[in-house]
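Participant:
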Amino acid sequence: MVSAKAALIVTLVLVAAACGSPDTSAESTATVRGDGPVTIPNQGGTSEGHTPTGFPGSGTGLFAGDNLNPSFPEGVGVQTFLTFALPADLTIGSATLTSDALHTTGSPFDDLGPLLAEPVVYTKFGPELFDLPSSGQPIRCEVTADTIIECDVTAAVQDAVDGGVTSVQFRLRFERPADNDGNPDLALFYRSDSNTNEPALFNLTINTAP
15 MVSAKAALIV TLVLVAAACG SPDTSAESTA TVRGDGPVTI PNQGGTSEGH
65 TPTGFPGSGT GLFAGDNLNP SFPEGVGVQT FLTFALPADL TIGSATLTSD
115 ALHTTGSPFD DLGPLLAEPV VYTKFGPELF DLPSSGQPIR CEVTADTIIE
165 CDVTAAVQDA VDGGVTSVQF RLRFERPADN DGNPDLALFY RSDSNTNEPA
215 LFNLTINTAP
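As structure tokens, this is what we get:
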């Protein structure tokens, strides 16, 4: 977890970047360990980022919560969009979305409820995704350690495979967009720079069925 001083620095950096646009790209590859699970990193780059929940806008960082920017209207939060390339000919046993790069500012899980992973479908990441309808039911994610979240996304990945698509995409948001107390409550996913969007901040692990 970040310290209060670090949290303030992170928040100021995020406010400055809130209206930025993704400017990097990266290829995503799946790792198959023999007969074991398939591990797919998030793609990073221009296919991912964050938007406000209530109006058009986008930026590069991967975070969710509220009071990202003091100018946001009450009730408006921020949400993250992720993309994972799917290998061909998968037979799904189970699928888990995880990240070990969680940092927090404030108390988002206490004040905003659980973090949800919603399946979505989009061709290009950008400001217009702020009110994108979900393509399936929201999935509750669990915080299993200080820096780790896990979400059982088996049904969403199975639906994507059944639909014959080459990628699966998720929006991460809190159950409540904002608590309107004026204080930042954010879940941030990064290694060293909160505004660096890179592959493998998240992983989709698929256990294949026999």
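In terms of the working numbering, the sequence shown has 101 at position 87, counting the first letter as 1, and numbering is strictly consecutive. For glycine and all other residues, C-beta sits at the position ideal for the given N, C-alpha and C. Quick caveat: nothing in here was measured; it's all calculated off a predicted structure.
1) Measure the alpha-carbon distance for T67 versus F188 and round it to whole angstroms.
2) When the Cα atoms are used, what is the spatial distance from G71 to S208?
3) In whole angstroms, what separates the C-alpha of D193 from that of V52?
4) Using only the alpha-carbon positions, how far apart do N81 and D103 sit?
5) Which of helix, strand or coil does DSSP assign to E142?
6) So, C165 versus A214, is the Cβ gap smaller than 8 angstroms?
7) Using a Cβ-Cβ cutoff of less than 7 angstroms, which residues in the same chain neighbour D124 once the five nearest sequence positions on both sides are dropped?
8) At the level of alpha carbons, what is the spacing between N221 and L202?
9) Write down the C-beta distance between L96 and F216 rounded to the nearest angstrom, noting that I regard them as a contact closer than 8 angstroms.
10) My assumption, with CB atoms under 8 angstroms, is that L100 sits in contact with Y204. Please give the rounded CB distance.
11) How long is the line joining the alpha carbons of L218 and N56, rounded to whole angstroms?
12) Assuming V90 contacts F69 (C-beta within less than 8 angstroms), just tell me the rounded distance between them.
13) Just to confirm the assignment, what range does the alpha helix (DSSP H) spanning D160 have?
14) With C-beta atoms as the reference, is D199 less than 8 angstroms away from G120?
15) Under the rule that 16 or more other beta-carbon atoms within 10 Å means buried, what is A11, buried or exposed?
16) D125 lies in the alpha helix (DSSP H); which residues open and close that run?
17) Smallest Cα separation from Q151: which of A169, V157, A159 and D160?
18) Which partner residues does A109 have in the DSSP bridge list?
19) If you follow the alpha helix (DSSP H) that A214 is part of, which residue opens it and which one closes it?
Facilitator: Reading from the atomic positions:
1) Their backbone Cα atoms lie some 10 angstroms apart in a straight line.
2) Approximately 18 angstroms, taken between the alpha carbons.
3) Rounded to whole angstroms, D193 to V52 spans 38 angstroms at the Cα level.
4) When rounded, the separation of the alpha-carbon atoms in N81 and D103 is 43 angstroms.
5) Reduced to three states, the DSSP call for E142 is helix.
6) Cβ atoms of C165 and A214: not closer than 8 angstroms.
7) Contacts found: none.
8) One Cα belongs to N221, the other to L202, and the distance between them is close to 27 angstroms.
9) About 6 angstroms separates the beta carbons of L96 and F216, which is inside the 8 angstroms limit, making them a contact pair.
10) For a cut-off of 8 angstroms, the C-beta gap from L100 to Y204 is around 25 angstroms, too long to register as a contact.
11) Distance between L218 and N56, taken at the CA atoms: about 7 angstroms.
12) In this structure, V90 and F69 form a Cβ contact; the two beta carbons are roughly 7 angstroms apart against a cut-off of 8 angstroms.
13) Counting along the chain, no alpha helix (DSSP H) covers D160, and no H or E run does either.
14) Against a cut-off of 8 angstroms, the Cβ pair of G120 and D199 comes out as a contact.
15) Here the chain covers residues 15 to 224 and nothing more, so residue 11 does not appear.
16) Note, D125: alpha helix (DSSP H), P122 to D125.
17) The candidate whose alpha carbon is nearest that of Q151 is A169.
18) I220.
19) Counting along the chain, A214 falls outside any alpha helix (DSSP H), and DSSP gives it neither H nor E.
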